[in-house]
Amino acid sequence: MEPKLLLVEDEPDMLEEMQTYLQREGFRVLTARTGMEALAIARSERPDLVVLDWMLPGKSGIDVCREIRQTSNCGIIMVTARSEESDKIVGLEIGADDYLTKPFSLRELSSRIRALLRRLRGPEEKLLLLERDNLTISEAKCQVFKDGQEIQLTPTEFKLLYTLAARPGIVFSRLQLLRAALEDGYMGYERTMDSHIRNLRRKLEDDPATPRYIQTVYGFGYRFGEPS
Ligand code: CA
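According to the numbering used here, the sequence shown holds residues 23 to 250 in order.
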């Protein structure tokens, strides 16, 4: 399936130009002209990547970026007319992956989009087999081995572990984990995550009370520990 893009831009001509070009390049393209619209589409359509104008009427691109980031790990490219370094830093701090200054060519936009999609997906292909510390996680076979010994996990536990281990050191909130690991329809059951995590630890950790793999980040969620 072709990658799904969401373009957020309040200037209609520019929006249409980008849409036409990127569709011709083979992307599926959704568009929004305001921040509110962008958030609604990002929630319902779950695009792979969002191209987000910084200056929007009403809710700014920064706010939109921050809110998308609360629930999604999709790629975000911020677009701005300004080019100050401080803007770039703010953009990256609030969770944008890349940054493009107007004016830019459509070809450049397209190549940045492809580069970011590669970056986001690159690990995923290798991830068929994850080697982390002394764990081996096979996505294809849904099997986990610790020191060569297979560990039996439930499908939910497996998806949780896989999601965390695929991005070591990255903090995931319970809600993000829930969305990544479970089917839709579990909204509002964030606390059930704790019991899945507890079970995972019991099965994986040498000492579940001082976990090495599935670490708690207080007030945020969980992360897969990086090898020391
Ligand atoms: Ca604008």
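Even glycine gets a Cβ: it sits at the ideal position worked out from N, Cα and C. Note that the coordinates shown come from a computational prediction; the quantities given were computed from them, not determined experimentally.
Sorry if obvious, but does the Cβ on residue i come closer than 7 Å to a heavy atom of ligand 1?
i: residue 138; result: no
i: residue 38; result: no
i: residue 32; result: yes
With a threshold of 7 Å, establish whether the CB of residue i neighbours any heavy atom of ligand 3.
i: residue 59; result: Looking for ligand 3 in the displayed structure turns up nothing; the ligands present are ligand 1.
Applying the criterion that 16 or more other CB atoms from any shown protein chain within 10 Å of the CB defines a buried residue, is residue i buried or exposed?
i: residue 164; result: exposed
i: residue 146; result: Note that residue 146 scores a pLDDT of 47, beneath 50, so its modelled location is shaky and nothing firm can be said.
i: residue 209; result: In this prediction, residue 209 scores a pLDDT of 45, lower than 50, which makes its location untrustworthy; no coordinate-derived value is stated.
i: residue 90; result: buried
i: residue 198; result: buried
i: residue 220; result: exposed
i: residue 148; result: For residue 148, the predicted model reports a pLDDT of 48, less than 50, meaning its position is unreliable and no value from the coordinates is stated.
i: residue 185; result: buried
i: residue 94; result: buried
i: residue 245; result: buried
Taking residue i as the reference, give the member of the options with the closest Cα.
i: residue 141; options: 83, 96, 115 and 175; result: 96
i: residue 36; options: 126, 181 and 217; result: 126
i: residue 193; options: 159, 237 and 215; result: 237
i: residue 26; options: 114, 200 and 136; result: 136
i: residue 170; options: 185, 180, 153 and 183; result: 153
i: residue 44; options: 180, 176 and 129; result: 129
i: residue 55; options: 48, 30, 215 and 234; result: 30
My understanding is that residue i touches residue j, with C-beta atoms under 8 Å, so please give their C-beta distance in whole angstroms.
i: residue 32; j: residue 79; result: 6 Å
i: residue 98; j: residue 134; result: The pair is not a contact, with the Cβ atoms about 12 Å apart (cut-off 8 Å).
Runs of 4 residues minimum, wholly inside the stretch 42 to 124: which ones carry the alpha helix (DSSP H) assignment? 57 to 67, 83 to 93 and 107 to 115
For a minimum of 3 consecutive residues, which ranges assigned as the beta strand (DSSP E) are wholly contained in the stretch 126 to 174?
151 to 154, 157 to 160, 165 to 168 and 171 to 173
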